[in-house]
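Report on the following structure.
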Amino acid sequence: MEIIKNPNIDFLGKAKYFVLLSAAVIAAGVFWIASGHMRFGVEFSGGTQLVLQFQGAPEVDRIRDAVTRVSPGAVIQTYGDAGENKVLVRISQEASEADLDAPARAVRQTLADAYSQNPVTESSSEIVGPTVGADLRRKAVWLTVLGLLAQLVYITWRFKGGIWGIAATLAALHDVLVCLAFLAFFGFEVTLNVIAALLTLVGYSVNDTIVIFDRARENLQHRRKDSMTKLLNDSLNQTLTRTIISNGTTFLAVLGLFLFGGEVLRGFGFTMVVGIIVGTYSTLFIAVPLVNWWYSRQEKDAKPARAA
Amino acid sequence: MPAALQNPVTLWLLLTAALAGLVYAFMREELRVRGIAYGSFLLACAVAVWPPYELMGVPGRVKLGLDLRGGIHLVLQVVVEDARNATVDDAVTTARDQATRKGIQFGSVQRATSTSFTVDGTEPARVKDMRDLLRDYFRGGWEVRESGEGRFTVEMSDLYQRQLKDQTVQEAIRTLERRVNALGVAEPLIAAQGARGDQILVQLPGVTDVEQAKRVIKMTAQLSLRLVETQAASREALLSGTGGRVPDNMELLSGPGDTPGEPVYYLVRREALITGRDLKSARVGVDENNRPQINFTLNATATDKFSRETARNINRQLAIVLDGTVYSAPVIQSKLGADNRITGRFTTQEADELSKILKGGALPASLRYLQELTVGASLGRDSIRDGVRASIASMAFISIFMLFYYRLSGLNAIIALAANLLIVLAAMAYSDATLTLPGIAGIILTVGVGVDTNVLVFERIREELRNGKTVRAAVQNGFDRVWITILDTHATAIIAAAFLFQFGTGPIKGFAVTLVIGLVANVFASYFVSKFLFEWVLGKRHVESLSI
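One line per chain: the protein sequences are D and P, in this order. Numbered per the numbering used here, the first sequence spans residues 1031 to 1338. Numbered per the numbering used here, the second sequence spans residues 40 to 587.
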């Protein structure tokens, strides 16, 4: 069984429309994030997040009444599956490093007083002081940038040409930006897990790009007469089935994660699901066209020189 | 499972032997050699990992992170300034004592900042003596500057400040280790972290009483026994006798008095007769009225000093100061020996905690909480369930698809995936790495990458078959051609994962661990094992077609 028999699609001819589409999505994302729509998890923003498990079904309204008395502006929502009786409490006020867990204690106390008929049986908490939050934000940005640079160096070395590395890296950067835009559009929080997903995508996207670059490198060895455009387009077509199947199965794997991985992995799963689609797209319509554009320009420059 | 196989040394030998066999097999072409080597390696992995989770009372081999089993994760900052202040205070005392001993008149010796102190108003005739004295006593680690008119500034060198920071953090870690051990926590992790070097990470898996653990960890527990000069009901009354200011060698402290709500203020000597370092042991006891108290025993040197000083100061008050609070200030009735007690209004639990803390020793500086993560045990179990459910769903999706699309060769891919999983789990059990929820996500992603390797190979074989190659040649070419691609793709993915390690010890590190192990294992499972399976099935027969 085969998905497509001998595909021969002109990917590179349509590339400019897709580049425009990507630019539009990224621009919209940047605008949306710049206007304050990106939500950060407690590990980055600092603050307190509690997951409380109640004995019986929690009445969110009554819990909200009790909690907002001691902590105005707290966000309260059900968490996980309905039968688990879990409620998430997010306290917006900054946790002071002098007494980090004071807001959390106040919430637990007020619930014990005002909502004693349905006691909290177990709780988890995540309290992050401002120092750690700021440190992590800086670290996340640096690690993503350094991760991209290290891959740039590796690819440049392996393919003996800067443009291959630059193209793969730009495609990966494109994926990170588009994923961030989608996270902001859909109101997902940027947590440490999401950053892990983004860094993984950097690896995955470059991985996907390399498979095709590799094919192009192989073709380059015994088809020196063809133009670079034809050669690259053929490489894309030759690996198309692999692209669809591999990314399709990985997509299924992370879809399982997104659907069944529970609340903790929801953001991670979402980022991976979006990222695998975008990673595939960027290989076809960003990375390879970039390489093509570079070499066509060189060929154009070279021709008049030869004529003269 | 025989007991011998549970022995770590046996396991280590087994896995090392299996790995050696594997290396040998990579150099050989014979199917039989490869078959035996691969098979025994996978078997060794299976033995190493069994049982993966707690089964019939045998603890599981894969260590679960605290997001899966519940527990506490704390990031603490050591307030290094405390240690610097204490060091400068000591230096001030030394300078003052030595100058007095040599008969040099001076205006004052005071701490200026947390790293320096100043000497003011040295009598003009003895400036040279003062200079020599300071240079002599503060030779290593300090810089003495003179700004005329008998004024000196003595400052800690940068190197000494760094050494002091490292020392303080190391000492804090050792103290915390002793306290955590007294709490009876299994497998705690206490380590320095952070670029500035003043942070400590404390992970206590399986701890349920979060509040107690936090109290025990945070208490500085600086104990000192000091002579009381005067005591009064208010600050003002206390200072009226000394002209409104605290004398240089005194300190103003307060503590709960006999009646609740009415604190008592004390003027006590700065110099301590006894500090926490002089304790040999501490434990809970009860007083005459059956109220809990803390009994402590001094070591021999301290006992001598304590006996001598108490004999000299009979009928004076002795303040028992813990972290700047006077717990009680009994009057010295007679010469005291090695065994003493601290009374106060303790509950039994407080007294128990306090004695454990005192036994563990004082922290060299106070601690601040920067981050706190607690996970309830049953919430951890929910996470395991979610993770396992997601893994099974993902693997089921993939397996069905591979069988459907590649038919019998799909079976090959499934075997490779299973081998990959087995190696990841074995490597985690072997290296004591912890499995976290993001770690499970890493395994699922590894499965995705594993399938990609299979797909790359299978598609290439199909392509070769389409080009009219024989089955054997197609398989050979397929694997050969794809090798470079697999090398490059895995290298870049490992580079990305390596950066995830830098996120420290949290769940993200668990993700990076499984991803890196998974990627390496995948090269073996999806390339070498898969290649072996193809060649083994093809055997020496002549094969017309391939189910792919």
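Each residue gets a CB set at the ideal place from its N, CA and C atoms; glycine is no exception. None of the values given here were measured: they were computed from a predicted structure.
Cut-off 6 Å between Cβ atoms - residues of its own chain near E503 (chain P), not counting five sequence neighbours on either side: Taking the second sequence and counting its residues from 1, the one referred to as residue 503 (chain P) is at position 464. Only A513, N516 and G517 meet the Cβ criterion.
How about the stretch 453-467 of chain P and the stretch 476-491 of chain P: do they share at least three Cβ pairs that are nearer than 8 Å? Enough Cβ pairs lie closer than 8 Å, so yes.
Determine which residues of the stretch 511-526 of chain P have a Cβ less than 7 Å from any Cβ of chain D, and write them out in chain order. Flagged, chain order: I523 and T524.
T214 (chain P) (DSSP reduced to helix, strand or coil): Taking the first residue of the second sequence as position 1, residue 214 (chain P) is located at position 175. In the displayed model, T214 (chain P) falls within a helix according to three-state DSSP.
Just to confirm, is the Cβ distance from F1084 (chain D) to V1150 (chain D) under 7 Å? By 1-based counting over the first sequence, the position of residue 1084 (chain D) is 54. By 1-based counting over the first sequence, the position of residue 1150 (chain D) is 120. Against a cut-off of 7 Å, the Cβ pair of V1150 (chain D) and F1084 (chain D) comes out as a contact.
How would you write the range of the beta strand (DSSP E) that T154 (chain P) sits in, first residue to last? Here residue 154 (chain P) corresponds to residue number 115 of the second sequence, with the count starting at 1. That residue, T154 (chain P), is in no beta strand (DSSP E); it is neither H nor E in DSSP.
Option in P:T139, P:V127 and P:T382 with minimal Cα separation from L361 (chain P): Numbered from its first residue, the second sequence carries residue 361 (chain P) at position 322. Distance check between L361 (chain P) and each of P:T139, P:V127 and P:T382 places P:T382 closest, using alpha-carbon atoms only.
List the endpoints of the continuous beta strand (DSSP E) containing Y408 (chain P). Within the second sequence, the letter at position 369 stands for residue 408 (chain P). It spans L406 to V414 - the beta strand (DSSP E) in which Y408 (chain P) sits, taken as one unbroken run.
Run of the beta strand (DSSP E) containing V114 (chain P), from where it starts to where it stops: As a working note, residue 114 (chain P) is residue 75 in the second sequence. First-last of the beta strand (DSSP E) with V114 (chain P): G110 to V117.
Delimiting residues of the beta strand (DSSP E) encompassing E502 (chain P): The residue labelled residue 502 (chain P) in the question sits at position 463 within the second sequence. Secondary structure note for E502 (chain P): it is in no beta strand (DSSP E), and the uninterrupted alpha helix (DSSP H) holding it is L476 to R505.
Express the C-alpha separation of E268 (chain P) and L306 (chain P) in angstroms, rounding to a whole number. Here residue 306 (chain P) refers to the residue found at position 267 when the second sequence is read from its first residue. Here residue 268 (chain P) refers to the residue found at position 229 when the second sequence is read from its first residue. If you draw a straight line from the Cα of L306 (chain P) to the Cα of E268 (chain P), it is about 5 Å long.
Length of the line joining the Cα atoms of W575 (chain P) and S430 (chain P): Taking the second sequence and counting its residues from 1, the one referred to as residue 575 (chain P) is at position 536. Taking the second sequence and counting its residues from 1, the one referred to as residue 430 (chain P) is at position 391. Computed Cα separation, rounded: 30 Å.
So, is the C-beta of V1294 (chain D) closer than 7 Å to a C-beta in chain P? Against the first sequence, residue 1294 (chain D) aligns to sequence position 264. Yes, contact with chain P.
Within the stretch 1203-1274 of chain D, note down every full alpha helix (DSSP H) run reaching 4 residues or more, in order along the chain. At a cut-off of 4 residues, the continuous stretches assigned as alpha helix (DSSP H) that sit fully inside the stretch 1203-1274 of chain D are 1222-1252 and 1258-1268.
Reference G1286 (chain D), options D:V1303, D:S1276 and D:N1237, closest by Cα: The residue labelled residue 1286 (chain D) in the question sits at position 256 within the first sequence. It is D:V1303 whose Cα lies nearest to the Cα of G1286 (chain D).
Mind checking whether G1195 (chain D) and L1182 (chain D) have CB atoms under 7 Å apart? Against the first sequence, residue 1195 (chain D) aligns to sequence position 165. Against the first sequence, residue 1182 (chain D) aligns to sequence position 152. Yes, these two residues count as a Cβ contact at 7 Å.
List, in chain order, every chain D residue whose beta-carbon is nearer than 8 Å to that of V597 (chain P). Since the first residue of chain P shown is 40 and the last is 587, residue 597 (chain P) is not available in this structure.
Within-7 Å CB hit, D471 (chain P) to chain D: As a working mapping, residue 471 (chain P) is identified with position 432 in the second sequence. Taking CB atoms only, D471 (chain P) has no neighbour in chain D less than 7 Å away.
Whose Cβ in chain D lies nearer than 7 Å to the Cβ of S565 (chain P)? As a working mapping, residue 565 (chain P) is identified with position 526 in the second sequence. Residues of chain D passing the Cβ test: none, with the nearest at roughly 12 Å.
Compute the distance between the beta-carbons of L474 (chain P) and L103 (chain P), then report whether it is under 7 Å. As a working note, residue 474 (chain P) is residue 435 in the second sequence. As a working note, residue 103 (chain P) is residue 64 in the second sequence. Here L474 (chain P) is near L103 (chain P), since their CB atoms are less than 7 Å apart.
What residues match up with E1152 (chain D) in a beta bridge as DSSP calls it? Taking the first sequence and counting its residues from 1, one reaches residue 1152 (chain D) at position 122. In DSSP, E1152 (chain D) forms a bridge with D:Q1083.
Would you say D1244 (chain D) lies against chain P (beta-carbon separation less than 7 Å)? Start at 1 with the first residue of the first sequence, and residue 1244 (chain D) comes out as number 214. So yes, D1244 (chain D) belongs to the interface.
So who's on the other strand from F335 (chain P), going by DSSP bridges? Numbered from its first residue, the second sequence carries residue 335 (chain P) at position 296. Under DSSP, F335 (chain P) shares a beta bridge with P:A321 and P:N379.
Which residues of chain D have a Cβ atom closer than 8 Å to the Cβ of L585 (chain P), listed in chain order? For the purposes of this step, residue 585 (chain P) is identified with residue 546 of the second sequence, where counting begins at 1. Those within 8 Å of L585 (chain P) in chain D number zero; the least Cβ separation is about 14 Å.
Is the distance from the Cβ of V246 (chain P) to the Cβ of V224 (chain P) below 7 Å? Here the question's residue 246 (chain P) lines up with position 207 in the second sequence. Here the question's residue 224 (chain P) lines up with position 185 in the second sequence. At the C-beta level, V246 (chain P) and V224 (chain P) come within 7 Å of one another.
N- and C-terminal bounds of the alpha helix (DSSP H) containing G1305 (chain D): For the purposes of this step, residue 1305 (chain D) is identified with residue 275 of the first sequence, where counting begins at 1. Unbroken alpha helix (DSSP H) run through G1305 (chain D): R1296 to S1312.
DSSP puts G1077 (chain D) in a beta bridge; with which residues? In the first sequence, the residue the question calls residue 1077 (chain D) occupies position 47. Within the DSSP secondary-structure output, G1077 (chain D) pairs in a beta bridge with D:V1158.
What is the C-beta distance between L2 (chain P) and L266 (chain P), in whole angstroms, given that I count them as a contact (C-beta under 8 Å)? No answer is possible for residue 2 (chain P): it lies beyond the span of chain P, which begins at 40 and ends at 587.
Excluding five sequence neighbours on each side, which residues of the same chain lie with their C-beta closer than 6 Å to the C-beta of R309 (chain P)? Residue mapping note: residue 309 (chain P) aligns to position 270 of the second sequence, counting from 1. If the five residues before and after R309 (chain P) are omitted, its C-beta is found closer than 6 Å to the C-beta atoms of N288 and E290, all from its own chain and listed in chain order.
is_contact[F571 (chain P), chain D] using C-beta, thresh 7 Å: Residue numbering aside, residue 571 (chain P) sits at position 532 when the second sequence is read from its first letter. No, no contact with chain D.
Any C-beta of chain P sitting closer than 7 Å to the C-beta of Q1181 (chain D)? In the first sequence, the residue the question calls residue 1181 (chain D) occupies position 151. Under the 7 Å criterion on CB atoms, Q1181 (chain D) is classed as interfacial with respect to chain P.
Check each candidate in D:K1169, D:L1266, D:R1069 and D:S1235 and name the one with the smallest Cα separation from I533 (chain P). For this step, residue 533 (chain P) is matched to residue 494 along the second sequence. When only C-alpha atoms are compared, the closest one is D:S1235.
Can you give me the Cβ contacts of V219 (chain P) inside the same chain, cut-off strictly under 7 Å, excluding the 5 residues immediately before and after it? Residue numbering aside, residue 219 (chain P) sits at position 180 when the second sequence is read from its first letter. A distance below 7 Å between beta-carbons, with the five flanking residues on each side excluded, links V219 (chain P) to the following residues of its chain, in chain order: P227, I229 and L243.
Per DSSP, the bridge partner or partners of W181 (chain P): What you label residue 181 (chain P) is simply residue 142 of the second sequence in a count that begins at 1. P:M195.
Check the Cβ-Cβ distances between N1237 (chain D) and every residue of chain P, and say whether any is below 7 Å. For the purposes of this step, residue 1237 (chain D) is identified with residue 207 of the first sequence, where counting begins at 1. Yes - at least one Cβ of chain P is within 7 Å of the one on N1237 (chain D).
Which residues does DSSP pair with L266 (chain P) in a beta bridge? The sequence position of residue 266 (chain P) within the second sequence is 227, counting from 1. L266 (chain P) pairs with P:L357.
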